[in-house]
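Chains as they are written, first to last, in numbering that gives the first Met the number 0: chain A, 0 to 392; chain B, 0 to 392.
Protein chains: 2
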Amino acid sequence: MLNFEYYNPTRIVFGKGTIAKTGDMARAYGKNILLHYGGGSIKKNGVYIKVIDSLKAAGVHVTELAGVVPNPRLSLVREGIELCREKQIDMILAVGGGSVIDSAKAIAFGSLLPDGQDVWRDYYLKGEGYSISKTLPVGVVLTIPAAGSESSSGSVITDWDTHTKRPVNSETLIPRFAIMDPETNFSLPAYQVACGASDILAHLHERYFTMEKHNDLSDRMLENAMRNVISYAPLALKHPYDYRYRAELMWTGTLAHNNLLDQGRIADWASHDIEHELSGLYDIAHGAGLAIVFPAWMKYVYRDNIDRFVQYATRVWSVSLSLDDKDVVVESAIDRLESFYRSLGLPVRLSDAGIGNEHLKRMAKSAVTGRSHLGNFKKLQAEDIEKILKLAM
Amino acid sequence: MLNFEYYNPTRIVFGKGTIAKTGDMARAYGKNILLHYGGGSIKKNGVYIKVIDSLKAAGVHVTELAGVVPNPRLSLVREGIELCREKQIDMILAVGGGSVIDSAKAIAFGSLLPDGQDVWRDYYLKGEGYSISKTLPVGVVLTIPAAGSESSSGSVITDWDTHTKRPVNSETLIPRFAIMDPETNFSLPAYQVACGASDILAHLHERYFTMEKHNDLSDRMLENAMRNVISYAPLALKHPYDYRYRAELMWTGTLAHNNLLDQGRIADWASHDIEHELSGLYDIAHGAGLAIVFPAWMKYVYRDNIDRFVQYATRVWSVSLSLDDKDVVVESAIDRLESFYRSLGLPVRLSDAGIGNEHLKRMAKSAVTGRSHLGNFKKLQAEDIEKILKLAM
Numbered sequence: 000m001l002n003f004e005y006y007n008p009t010r011i012v013f014g015k016g017t018i019a020k021t022g023d024m025a026r027a028y029g030k031n032i033l034l035h036y037g038g039g040s041i042k043k044n045g046v047y048i049k050v051i052d053s054l055k056a057a058g059v060h061v062t063e064l065a066g067v068v069p070n071p072r073l074s075l076v077r078e079g080i081e082l083c084r085e086k087q088i089d090m091i092l093a094v095g096g097g098s099v100i101d102s103a104k105a106i107a108f109g110s111l112l113p114d115g116q117d118v119w120r121d122y123y124l125k126g127e128g129y130s131i132s133k134t135l136p137v138g139v140v141l142t143i144p145a146a147g148s149e150s151s152s153g154s155v156i157t158d159w160d161t162h163t164k165r166p167v168n169s170e171t172l173i174p175r176f177a178i179m180d181p182e183t184n185f186s187l188p189a190y191q192v193a194c195g196a197s198d199i200l201a202h203l204h205e206r207y208f209t210m211e212k213h214n215d216l217s218d219r220m221l222e223n224a225m226r227n228v229i230s231y232a233p234l235a236l237k238h239p240y241d242y243r244y245r246a247e248l249m250w251t252g253t254l255a256h257n258n259l260l261d262q263g264r265i266a267d268w269a270s271h272d273i274e275h276e277l278s279g280l281y282d283i284a285h286g287a288g289l290a291i292v293f294p295a296w297m298k299y300v301y302r303d304n305i306d307r308f309v310q311y312a313t314r315v316w317s318v319s320l321s322l323d324d325k326d327v328v329v330e331s332a333i334d335r336l337e338s339f340y341r342s343l344g345l346p347v348r349l350s351d352a353g354i355g356n357e358h359l360k361r362m363a364k365s366a367v368t369g370r371s372h373l374g375n376f377k378k379l380q381a382e383d384i385e386k387i388l389k390l391a392m
Numbered sequence: 000m001l002n003f004e005y006y007n008p009t010r011i012v013f014g015k016g017t018i019a020k021t022g023d024m025a026r027a028y029g030k031n032i033l034l035h036y037g038g039g040s041i042k043k044n045g046v047y048i049k050v051i052d053s054l055k056a057a058g059v060h061v062t063e064l065a066g067v068v069p070n071p072r073l074s075l076v077r078e079g080i081e082l083c084r085e086k087q088i089d090m091i092l093a094v095g096g097g098s099v100i101d102s103a104k105a106i107a108f109g110s111l112l113p114d115g116q117d118v119w120r121d122y123y124l125k126g127e128g129y130s131i132s133k134t135l136p137v138g139v140v141l142t143i144p145a146a147g148s149e150s151s152s153g154s155v156i157t158d159w160d161t162h163t164k165r166p167v168n169s170e171t172l173i174p175r176f177a178i179m180d181p182e183t184n185f186s187l188p189a190y191q192v193a194c195g196a197s198d199i200l201a202h203l204h205e206r207y208f209t210m211e212k213h214n215d216l217s218d219r220m221l222e223n224a225m226r227n228v229i230s231y232a233p234l235a236l237k238h239p240y241d242y243r244y245r246a247e248l249m250w251t252g253t254l255a256h257n258n259l260l261d262q263g264r265i266a267d268w269a270s271h272d273i274e275h276e277l278s279g280l281y282d283i284a285h286g287a288g289l290a291i292v293f294p295a296w297m298k299y300v301y302r303d304n305i306d307r308f309v310q311y312a313t314r315v316w317s318v319s320l321s322l323d324d325k326d327v328v329v330e331s332a333i334d335r336l337e338s339f340y341r342s343l344g345l346p347v348r349l350s351d352a353g354i355g356n357e358h359l360k361r362m363a364k365s366a367v368t369g370r371s372h373l374g375n376f377k378k379l380q381a382e383d384i385e386k387i388l389k390l391a392m
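Spelled out as structure tokens, the structure:
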């Protein structure tokens, strides 16, 4: 187990009717609030009006910035930064899923950067070596269980002009509070629920596949969070108005990505980085891209530490084949993973998503641009990534 | 799953050599520090000198208050409160295990109480209806994995004059940071390691046995944390200088009691309250008392929700008997739990600890004094508690 430092101060307010607390919680951080959200879904499902009512009752002044799209765009971030400066915003309230929250985080630190620094060039594009010291406080009303951004330190933004999707990470970006009412998930389209479940599972996979040994508490926690996704995602799709299954998925989504479950180890993240190329270029849903990339990544890397994959196969997928042939044990687990994705209605091959082989080399090259390699379980170069993408054809 | 609010801002600094960071971390909260600890063990194992060196290097002024004993005493808390007021202490650094940390928490809020309020009478004895708004910041260097107080909101103090042991709980009591180096555990006496493991397992049991349904992520996390204690406590005893097993136990001890694992449910806590009577009267180690109380409590209550105990038996203890006779399934699990405690060298009956039946009624009556009942899985009155203590004879 490696040395680690863990700190996560997000206040989670979870359950039915909790959106009514939004106003008071936001008010604690100032009177001038930027309400950041996506398209019309929060207006259709009633979340918008509940949030506005609560903010009004708390007596705060609200400036709105809507229009966040999946794979949130740098252009809107720049607009938000200008708006925060102009309106002297005290805090940003993100109402939506991971895209809205990631966009809010970018605006939150971008608007406090000194003259001459650029949010994209000097942070997202830089990859490492930056330090984010000041941000506006971000609060969240979460409506989609998926990205885990509601209590994570990360933000991923896409520059659509150059089709580049990049993350930043900083403890200062962890939201101050997250209001999570599983009832807001009742009206989500089935495909979005499936993509969310895939994203949650991917966050667990990324942390599970490590070369670090003797970190069994984290292994067990990750395995069981995976089993929870595998158990409850199909039930949430089958019974969309059942609170129990929504609540399981929503809480699992937060714990999958608040960094608690990868302390003492180095997580992988290659599959996320490869997927960023896919969705940066083709604008497919992140969760769908992950369902395509992960099985291919597993097939390419598992022999580098087959015992870790055997543990995964037996503990997560209950594969009970003889260990006399470990390859078969692992392949069975990957088969079960693919069947699980398919059962949710997700693509598991590039062709399922209508993507051909014309840009594999370009994506593989772009993924490592400015980086020495992708991933930590196996350090990948452009030629490895191209092979993984070919396995995903 | 019930609505919940979760917030835990303790910064965990975990691993080899981390004590060197103590000075800088404490310094962030002020220059005038109360160093609170127990007897001589931190002087023998080298922790004291490392802490002092780090504090000196950070340029803080240190006032020492030693002498905390297991079942920490109100008398020393009162002494600490006077000392903090007299020396205008900015923060308290607790170096030790749960007793030292609990004592530090009591001093931390006690020293800021207004005139006319008493730390014992108006808080610990009150049981409920109090609110702790101000405390000195508490930092921790943890040397014993057991109580989980390093990132919990609770503190338990004993008034030795009246043999009364009582808890308080408040979010404001959560320590600001906890430095956790598993190497400090190498020299712990085997009995203390065993008692610590029993305390950790008890924190998991208390949260697991709930009447709340459909909270499966927490169930799974609790079951696996239990399996981790069951796997690694014997290994830590067998190989006391093996870092891996110490690290597993230490991290499990924190997660068992930082409240993460009981969100969305009402935990029980009757066994802890009953044990407080035992250790308040006989001054036995808390973990030993819990090993005596828990099997008896289980035998007394399990029929109130036998399916929860069947889940525990199958998932935690791998009991694979037919469900045609659920009582036998549950009894087998309790047998395995008792064998586990015995394998660690712990008592599982009052008689094992040299305690007779002379005060059972007194303890049972004292346990519910000022309370409507003990526990939540089954609400216990004095006569129930007496029966449980008889089952523990």
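Using N, Cα and C, we set each Cβ at its ideal position, and we do this for glycine too.
Quiz item: Under a Cβ-count criterion, where at least 16 other Cβ atoms within 10 Å of its own Cβ denotes burial, should Tyr231 of chain B be classed as buried or exposed?
Solution: The residue in question, Tyr231 of chain B, is buried, as its Cβ has 16 or more Cβ neighbours within 10 Å.
Quiz item: chain B beta carbons: is any one of them nearer than 8 Å to that of Leu1 of chain A?
Solution: So yes, Leu1 of chain A belongs to the interface.
Quiz item: Where does Phe3 of chain B fall in DSSP's three states?
Solution: Assigned with DSSP and collapsed to three states, Phe3 of chain B falls in strand.
Practice problem: Mind listing the chain B neighbours of Asp399 of chain A? Cutoff is C-beta to C-beta under 8 Å, in chain order. | Solution: With chain A covering 0 to 392 only, the question about residue 399 of chain A has no answer from this structure.
Quiz item: Shorter than 8 Å from the beta carbon of Met24 of chain A to some beta carbon of chain B?
Solution: Among the residues facing chain B, Met24 of chain A is not included, as its CB has no counterpart in that chain under 8 Å away.
Practice problem: Could you tell me whether any Cβ in chain B is nearer than 8 Å to the Cβ of Gly14 of chain A? | Solution: With a threshold of 8 Å between beta carbons, Gly14 of chain A makes contact with chain B.
Exercise. Give the range of the alpha helix (DSSP H) segment to which Pro239 of chain A is assigned.
Key: No alpha helix (DSSP H) holds Pro239 of chain A; DSSP gives it neither H nor E.
Quiz item: Under a CB-based cut-off of 8 Å, is Pro8 of chain A close to chain B?
Solution: Pro8 of chain A counts as touching chain B.
Quiz item: Is there a Cβ from chain B that is less than 8 Å from the Cβ of Met392 of chain A?
Solution: Not one chain B Cβ lies under 8 Å of Met392 of chain A.
Practice problem: Using a cut-off of 8 Å between C-beta atoms, extract the partners of Arg243 of chain A located in chain B. | Solution: Here the neighbours are Met0, His213.
Quiz item: From A:Asp241, A:Phe185, A:Asp101, pick the residue whose C-alpha is nearest to that of His35 of chain A; which is it?
Solution: Taking His35 of chain A as reference, the option from A:Asp241, A:Phe185, A:Asp101 with the minimal CA-CA separation is A:Asp101.
Quiz item: DSSP on Ala352 of chain B, reduced to helix/strand/coil?
Solution: In the structure shown, Ala352 of chain B falls within a helical segment according to DSSP collapsed to helix, strand and coil.
Quiz item: So is Ile11 of chain A in contact with chain B if we call contact Cβ pairs under 8 Å?
Solution: So, interface residue.
Practice problem: Locate the beta strand (DSSP E) running through Lys164 of chain B, then write down its first and last residues. | Solution: Where Lys164 of chain B is concerned, the enclosing beta strand (DSSP E) stretches over 163–168.
Quiz item: How would you label Thr209 of chain B, buried or exposed, when you count the other beta carbons within 10 angstroms and need 16 or more for buried?
Solution: Classification for Thr209 of chain B: buried.
Quiz item: Per DSSP, Arg72 of chain B is paired with what?
Solution: BP columns for Arg72 of chain B point to B:Thr157.
Quiz item: Would you report the Cα separation of Gly369 of chain A and Cys83 of chain B, rounded to the nearest angstrom?
Solution: Gly369 of chain A and Cys83 of chain B have their alpha carbons spaced roughly 54 Å apart.
Quiz item: Looking at the structure shown, is Pro8 of chain B part of a helix, part of a strand, or coil, going by DSSP?
Solution: Reduced to three states, the DSSP call for Pro8 of chain B is strand.
Quiz item: Of the residues that make up the segment 258–291 of chain B, which ones have a beta carbon closer than 9 Å to any beta carbon in chain A?
Solution: From the segment 258–291 of chain B, only Leu259, Gln262, Gly263 have a Cβ closer than 9 Å to chain A.
Quiz item: From what residue to what residue does the alpha helix (DSSP H) around Ala145 of chain A run?
Solution: That residue, Ala145 of chain A, is in no alpha helix (DSSP H); it is neither H nor E in DSSP.
Self-check item: Gly58 of chain A versus A:Thr163, A:Met24, A:Leu259, residue with shortest Cα-Cα distance
Solution: Cα-wise, what sits closest to Gly58 of chain A is A:Met24.
Quiz item: Which chain A residues sit within Cβ distance under 8 Å of Thr251 of chain B?
Solution: Going along chain A in sequence order, the residues near Thr251 of chain B (Cβ under 8 Å) are Leu216.
Quiz item: When the cut-off is 8 Å and only beta carbons count, does Asn223 of chain B lie next to chain A?
Solution: Interface with chain A (8 Å Cβ-Cβ cutoff): Asn223 of chain B is included.
Practice problem: Report the residue from A:Ile32, A:Thr21, A:Phe3, A:Thr17 whose alpha carbon sits nearest the alpha carbon of Ile18 of chain B. | Solution: For Ile18 of chain B, the closest of A:Ile32, A:Thr21, A:Phe3, A:Thr17 by C-alpha to C-alpha distance is A:Phe3.
Quiz item: Under 8 Å between C-beta atoms, does Met297 of chain B make it to chain A?
Solution: At a cut-off of 8 Å between beta-carbon atoms, Met297 of chain B makes no contact with chain A.
Quiz item: How about Met0 of chain A and Arg243 of chain B: do their beta carbons lie closer than 8 Å?
Solution: The Cβ-Cβ distance between Met0 of chain A and Arg243 of chain B falls below 8 Å.
Quiz item: For the beta strand (DSSP E) that Glu127 of chain B lies in, which residues bound it at each end?
Solution: That residue, Glu127 of chain B, is in no beta strand (DSSP E); it is neither H nor E in DSSP.
Practice problem: Measure the C-alpha to C-alpha separation of Ser150 of chain A and Ala269 of chain B and round it to an integer number of angstroms. | Solution: Between the alpha carbons of Ser150 of chain A and Ala269 of chain B lies a distance of about 33 Å.
Quiz item: Is it the case that the Cβ atoms of Ala189 of chain B and Leu248 of chain B are separated by a distance below 8 Å?
Solution: No, these two residues do not count as a Cβ contact at 8 Å.
Quiz item: Cα separation between Ile384 of chain B and Asp272 of chain B?
Solution: Ile384 of chain B and Asp272 of chain B have their alpha carbons spaced roughly 10 Å apart.
Quiz prompt | Range of the contiguous beta strand (DSSP E) that encloses Glu182 of chain B | solution = Careful: Glu182 of chain B lies outside any beta strand (DSSP E) and carries neither H nor E.
Practice problem: With distances taken Cα to Cα, identify the nearest neighbour of His358 of chain A among A:Tyr340, A:Ala381, A:Arg341. | Solution: For the residues A:Tyr340, A:Ala381, A:Arg341, the minimum Cα distance to His358 of chain A belongs to A:Ala381.
Quiz item: alpha helix (DSSP H) containing Gly22 of chain A: first to last residue?
Solution: For Gly22 of chain A, the enclosing alpha helix (DSSP H) stretches over residues 21–26.
Practice problem: Give me the Cβ distance between Phe293 of chain B and Met179 of chain B, rounded to the nearest whole Å; I'm assuming they're in contact under 8 Å. | Solution: Between Met179 of chain B and Phe293 of chain B the Cβ distance is about 26 Å, and since that is not below 8 Å, they are no contact.
Quiz item: By DSSP, does Val418 of chain B sit in helix, in strand, or in coil?
Solution: In the structure as shown, chain B begins at 0 and stops at 392. Residue 418 of chain B is therefore absent and cannot be evaluated.
Quiz prompt | In DSSP terms, what Val140 of chain A is bridged to | solution = Val140 of chain A pairs with A:Val94, A:Ile178.
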